[in-house]
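Residue numbers (this note's numbering): 1005 to 1285. As C-alpha cells, the structure follows; a few thoughts come after it.
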C-alpha cells in the first residue's frame, strides 16, 4: 500500500507546483588553494570513507585524529560515555601525535561525525589545541539526521579568527551518494573547476496537502528519533527531482518547544523512494 501511494505521489511531484523553482546551470569561479590536508576523526569508518573521497578529489594529503583513550564501544556506549563527560564538564581528551605537520598546509579539510548536534569530542579536542589562523578550514561531516550547520557555528565560536567555510555534510545511510555530492560541493565552492546547476531558492512556505504529508511520512517514518510534526512546506526543482523543506514542530534537548527544518528529496528515478537528507535545528 505504501509503495502504491508513493508511486502516485512521485507522479504528482513531477508535475510540480506554482511556487516551485527550477535550477539553471552556472559555471563556478575557482579559488586558488596551494597545499591541502584532509584531516579527520572517524569512529566507525564512515567519516573515513568520506575523507578518502575528499583527498582523492582534491589531491590533498590525508591523516587521521586518534584519541589517546579511543571511543571504541557500541553506539549506545559512546553516547553514555559522552553524556557522562559532558555532565562532569570534562574537556575533550588528548590526541595522539599525527604523521603530518599542520603548519605546512594552507587549507585543511576537517572531517568528523556529529555527536549531540556538534563535532565529535576528539575532533574538538584537536581543534582546541591547534592554531589555524591564516588557513582556510573546510569542514565535512557525517550524521544520522543533521548537524553540519550547528557544528560549523560552534567551530567558528571556538576560533573566530579562522576562516571556516560552510562545509559539507551527508547522512551516514546515504554514503553511496557521497562521491557525486562531494564533487558538486567542490565545484560549487570554487575548489574544483566545472559547471553545476545553480540552485534556486525554495518557494513560499505553505500548508501541507495530503500528498506532501505522505511524502514526509514515507521519507522520515522509519527514522529512529522523532523529527517533529510537519506544519509547513516549500519546494524547489533540483537536478534529479524535487527537494522539499518541511518546517516541523518539535522539542529541543531540554524538552522545550522548537521548530526544525527537515529536507527530503523525491527522485525522478522510477522506483526510488523519497530520501530524508538532513534536519536543521
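Each residue gets a CB set at the ideal place from its N, CA and C atoms; glycine is no exception.
At which residues does the beta strand (DSSP E) containing residue i begin and terminate?
i, result
"residue 1056", "Not the beta strand (DSSP E): residue 1056 falls in the alpha helix (DSSP H), residues 1050 to 1062."
"residue 1231", "From DSSP, residue 1231 is part of no beta strand (DSSP E); its letter is neither H nor E."
"residue 1142", "1140 to 1147"
"residue 1280", "1279 to 1284"
"residue 1201", "1199 to 1202"
With a Cβ-Cβ cutoff of 7 Å, do residue i and residue j count as a contact?
i, j, result
"residue 1295", "residue 1145", "Because the chain here runs from 1005 to 1285, residue 1295 falls outside it and cannot be looked at."
"residue 1064", "residue 1040", "yes"
"residue 1122", "residue 1165", "no"
"residue 1252", "residue 1238", "no"
"residue 1211", "residue 1232", "no"
"residue 1070", "residue 1176", "no"
"residue 1139", "residue 1170", "no"
"residue 1268", "residue 1248", "yes"
"residue 1298", "residue 1280", "There is no way to answer for residue 1298, as the model of the chain reaches only from 1005 to 1285."
Within 10 Å of its beta-carbon, does residue i have 16 or more other beta-carbons around it, so buried, or fewer, so exposed?
i, result
"residue 1241", "buried"
"residue 1008", "Note that residue 1008 has pLDDT 44, beneath the 50 cutoff, so the model's placement of it is unreliable and the number below is only indicative. Residue 1008 should be labelled exposed."
"residue 1038", "exposed"
"residue 1107", "exposed"
"residue 1186", "buried"
"residue 1010", "Confidence at residue 1010 is low in this model, with a pLDDT of 40, below 50, so its placement is unreliable and no value can be given for it."
"residue 1098", "exposed"
"residue 1161", "exposed"
"residue 1261", "exposed"
"residue 1228", "exposed"
Based on DSSP bridge pairs, tell me the residues matched to residue i.
i, result
"residue 1245", "1242 and 1271"
"residue 1042", "1066 and 1113"
"residue 1210", "1237"
"residue 1253", "1233 and 1263"
"residue 1118", "1123"
"residue 1175", "1147"
Assuming residue i is part of the alpha helix (DSSP H), what are its boundary residues?
i, result
"residue 1169", "Residue 1169 -> no alpha helix (DSSP H), and no H or E assigned at all."
"residue 1158", "1152 to 1162"
"residue 1183", "1182 to 1192"
"residue 1108", "Unbroken run through residue 1108: none, as it is neither H nor E."
"residue 1087", "1079 to 1091"
Might you give, ordered along the chain, the residues of its own chain that have their beta carbon closer than 6 Å to the beta carbon of residue i, omitting 5 neighbours on each side?
i, result
"residue 1067", "1043, 1102, 1103 and 1104"
"residue 1124", "1045, 1116 and 1117"
"residue 1196", "1190"
"residue 1200", "1188, 1191 and 1192"
"residue 1020", "Caution applies to residue 1020, whose pLDDT of 43 falls short of 50 and renders its modelled position unreliable; the value that the coordinates give is listed next. Once the five neighbours on either side are set aside, residue 1020 has no close Cβ partner at all."
"residue 1266", "1231, 1250, 1252 and 1283"
"residue 1062", "1040"
"residue 1055", "1042, 1044 and 1115"
"residue 1126", "1045, 1069 and 1071"
"residue 1273", "none"
"residue 1151", "1118 and 1121"
"residue 1075", "1047 and 1082"
Here's a check: name, in chain order, each residue in its chain whose Cβ is nearer than 8 Å to the Cβ of residue i, leaving out the five neighbours to either side.
i, result
"residue 1133", "1099"
"residue 1131", "1114, 1123, 1159, 1162 and 1163"
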